Structure formats: C-alpha cells, structure tokens
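A.B. asks: Have a look at this one.
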Amino acid sequence: MYNQTYEQCIQACLECLEACNVCYDACFHEEDLKMMADCIRMDRECADICAFAAKSMQSNSPFVKQICLLCADICEACGNECKKHSHEHCQKCADACFKCAEACRQMV
Numbered sequence: 093m094y095n096q097t098y099e100q101c102i103q104a105c106l107e108c109l110e111a112c113n114v115c116y117d118a119c120f121h122e123e124d125l126k127m128m129a130d131c132i133r134m135d136r137e138c139a140d141i142c143a144f145a146a147k148s149m150q151s152n153s154p155f156v157k158q159i160c161l162l163c164a165d166i167c168e169a170c171g172n173e174c175k176k177h178s179h180e181h182c183q184k185c186a187d188a189c190f191k192c193a194e195a196c197r198q199m200v
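Residues 93 to 200 in my numbering are what the sequence shown lists, from first letter to last.
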C-alpha cells in the first residue's frame, strides 16, 4: 500500500528527474560539449535514480531506505557538478538536486 509519508520525497524526486532531463538536453546545445561531459553523465545517473526512488516509494519497497540514501548521494554529486557551470539550466538542476537530496535524507 502507498505510504503517504513518502509524498514530499516523491515530489522532490520527480522535480529533480525533470530538472535533470532538461539539463541533460540543454547541455548538448552548449558550445563546449567536452566541458559538459561530466554534467551530462551525472544528469543521466541522477534522473535514473530519482525515477527508481520515486517508484520504490510508490510501491512501498522494503528497500526504500537504502534506495533513498543512494538517491541522496547521487543527487548531491549531480548538484555539485551542475553548480560548477554558470548555465541557467545547470543552476536550476543543482537546486533541484540539493532539494531532493535533503528530502531523501529526511525521509530516511
């Protein structure tokens, strides 16, 4: 059964997933693609774990705490990478990542 206590964390994960997808796509349109390589990689990792974390909470997985802790670590790493770039999409992504990391840690 769906656990209502997960709702805020699920929302943060979904917002982070969206921000990472937007950042991922926008990075490919930047002039120095090589400089954006780590950001692109982290956006994919983060989007994937956010989707998985949201799904695990929605299905009340017995591993939800471990998944959310991993999600928090990956979101923080992605946020730190995005923060290095001055592009608006990177800054928005970093903010969403840090918010998600905090929500995941609070939920656990």
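We put the CB at the ideal spot given by N, CA and C, even for glycine.
The structure displayed is predicted, hence computed values, not measured ones.
1) Thinking C-beta only, is Cys163 closer than 7 Å to Cys131?
2) So, does the segment 188-196 touch the segment 105-117, judging by three or more C-beta pairs under 8 Å?
3) By DSSP, does Asp124 sit in helix, in strand, or in coil?
4) For Ala129, is the classification buried or exposed, using 16 other Cβ atoms within 10 angstroms of its Cβ as the cut-off for buried?
5) Could you check the C-alpha separation between Cys160 and Glu123 for me, to the nearest Å?
C.D. replies: Straight from the coordinates:
1) Sequence index remark: in the sequence shown, residue 131 carries index 39 (1-based). Sequence index remark: in the sequence shown, residue 163 carries index 71 (1-based). No. Outside cutoff.
2) yes
3) Reading the sequence shown from its first residue, position 32 is the one you call residue 124. Coil.
4) In the sequence shown, residue 129 corresponds to position 37, counting from 1. The residue in question, Ala129, is exposed, as its Cβ has fewer than 16 Cβ neighbours within 10 Å.
5) Sequence index remark: in the sequence shown, residue 160 carries index 68 (1-based). Sequence index remark: in the sequence shown, residue 123 carries index 31 (1-based). If I take the Cα positions, the gap works out to 35 Å.
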